[in-house]
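For reference, the structure discussed in these notes is given below.
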Amino acid sequence: MYVAQEWKDYEVMDTGGGEKLERWGNIVLRRPDPQIIWPLTQETAEWRNVHGHYHRSSSGGGQWDMKKPIPERWTISYGPLKFHIKPTSFKHTGLFPEQAANWSWMMDKIKGAGRPISVLNLFAYTGGATTAAAYAGASVVHVDAAKGMVQWAKENVQLSGLADRPVRFITDDVFKFVQREQRRGNRYDAIIMDPPSYGRGPNGETWKLEESLYPFLESCMSIISDQPLFMLINSYTTGISPTVLRNMLSMTMQQKYGGQISAGEIGLPITRSGLNLPCGILGRWEA
647 MYVAQEWKDY EVMDTGGGEK LERWGNIVLR RPDPQIIWPL TQETAEWRNV HGHYHRSSSG
707 GGQWDMKKPI PERWTISYGP LKFHIKPTSF KHTGLFPEQA ANWSWMMDKI KGAGRPISVL
767 NLFAYTGGAT TAAAYAGASV VHVDAAKGMV QWAKENVQLS GLADRPVRFI TDDVFKFVQR
827 EQRRGNRYDA IIMDPPSYGR GPNGETWKLE ESLYPFLESC MSIISDQPLF MLINSYTTGI
887 SPTVLRNMLS MTMQQKYGGQ ISAGEIGLPI TRSGLNLPCG ILGRWEA
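This is the structure in structure tokens:
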């Protein structure tokens, strides 16, 4: 497992009973997590004394029960990187802290390349990876279908003092963007993708991971440069094994460029128990 262990502003304090107790800066939230199928050994005062508790609805979705006043949004840091946090109506906060394990890895790869690196971040959400890559010195193209998320990403890059870095923010259907880049002849040294299990583009285009990921990965092969640095695939789709990502990268990137592949779970340390919370999977190809 690749564990994001270097956080100071974020912490999984405890877990149990289908929920996690998290500290985001000085704000404590209680949120559901489908991986937490073990019981809560003791509901301490910390569990009861939270700022906000997200309750799932039996009919789907859910809502926040805010028990203490909190800012509309606030800032947390990961080393030099800064991010706006805001509880959303669909339980998320605008950041997946476990991805810090990938941010550190890609920053090392970019800084160690010894040449200018161009990065394409697809399904790029609020720009955690975009901010990390820009900080490391890469030029970045950030693509997501949701206009609000692209704006949030732009604010995170500015918040981290990187407004002058070469970052392009694009609101578009990711599949169509890649096809257009093929026709334009644009190439990238590194590609990051964090595809959803299911999604819709701005014009109603549908995406289903099991059917779409491999052909999408194949299409990305045509916009990789002749000297690629890395390819990173993240997935939060239940039922998909890290070995699936390893196999796909082997059949595409490794077959053409050699290099190394690593794959596995990605997670966060749990302070109270000393265990790790699994959060998703990743597959990495590197030159």
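In my numbering, each residue's number is its place in the sequence shown (first place is 1) plus 646.
For each residue, glycine too, the CB sits at the ideal point set by N, CA and C.
Keep in mind that this is a model prediction, so the values were computed, not measured.
- When the alpha-carbon of residue 768 is set against those of 806, 834, 738 and 734, the nearest one is in 834.
- The Cβ atoms of residue 719 and residue 701 lie no closer than 8 Å to each other.
- Only residues of its own chain outside the window of five on either side were considered, and among them 899, 931, 932 and 933 have a CB closer than 7 Å to the CB of residue 905, listed in chain order.
- Annotation for residue 928: 880 and 912 place their beta carbon closer than 6 Å to its own, counting only its chain and skipping 5 residues before and after.
- Around the beta-carbon of residue 736, fewer than 16 other beta-carbon atoms lie within 10 Å, marking it exposed.
- Here the alpha carbons of residue 726 and residue 682 stand approximately 31 Å from one another.
- The region 856-869 makes contact with the region 891-898; the number of CB pairs closer than 8 Å reaches 3 or more.
- For residue 801, the three-state secondary structure derived from DSSP is helix.
- Residue 806 holds the alpha-carbon nearest to the alpha-carbon of residue 774 among 758, 857, 806 and 791.
- Residue environment analysis places residue 844 among the exposed positions, since fewer than 16 neighbouring C-beta atoms fall within 10 angstroms of its C-beta.
- Residues of the same chain with a CB within less than 6 Å of the CB of residue 876, apart from the 5 flanking positions on each side, are 755, 836 and 932 in chain order.
- Residue 689 has its alpha-carbon roughly 17 Å from the corresponding atom of residue 657.
- A straight-line Cα-Cα distance of about 22 Å links residue 859 and residue 648.
- Pairwise C-beta distances place the region 705-718 out of contact with the region 739-750, as fewer than three of them are shorter than 8 Å.
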